[in-house]
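Residue numbers (the UniProt record's numbering): 1 to 97. By construction, the Cβ of each residue, glycine as well, lies at the ideal position given by its N, Cα and C atoms. Owing to the predicted nature of the structure, the values given are computational and were not obtained by experimental measurement. All remarks here apply to the structure that follows.
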Amino acid sequence: MPTANPNPANFANRPHEEVEAIASKGGQASHSHGHSGGGGFASMDPGKQHDIASKGGQASSGSFEPGSEKAREAGQKGGVEIVGSDSVGSGVVMIDG
């Protein structure tokens, strides 16, 4: 039987019986994490979906206030290559052309 491990979510660190019980649910318990309501946008009332969609991104929390100095600086970085990353897929490379 596995001993205490700092990563208990790893199936290799759980008792075999517990892993079998989880597997027998066939993904039904997947991603629940105690949240209720489930389904997100796709399961919303069509009227509510329409209201949100008609705003066309205006309801986004966004990270910039339109016209702010931070937004201007971020816009000027468009087309700049991100360098210094040694892990594949962790950066975005944009090429001016």
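Here DSSP, grouped into helix, strand and coil, assigns residue 46 to helix. Distance from the CA atom of residue 71 to the CA atom of residue 65, rounded to whole angstroms, is 7 Å. Put simply, the backbone Cα of residue 48 is about 14 Å away from that of residue 39. Under the DSSP assignment, residue 73 falls in the alpha helix (DSSP H) whose first and last residues are 69 to 76. It is roughly 10 Å from the alpha-carbon of residue 13 to the alpha-carbon of residue 19. The continuous stretches of alpha helix (DSSP H) do not include residue 12, and DSSP gives it neither H nor E.
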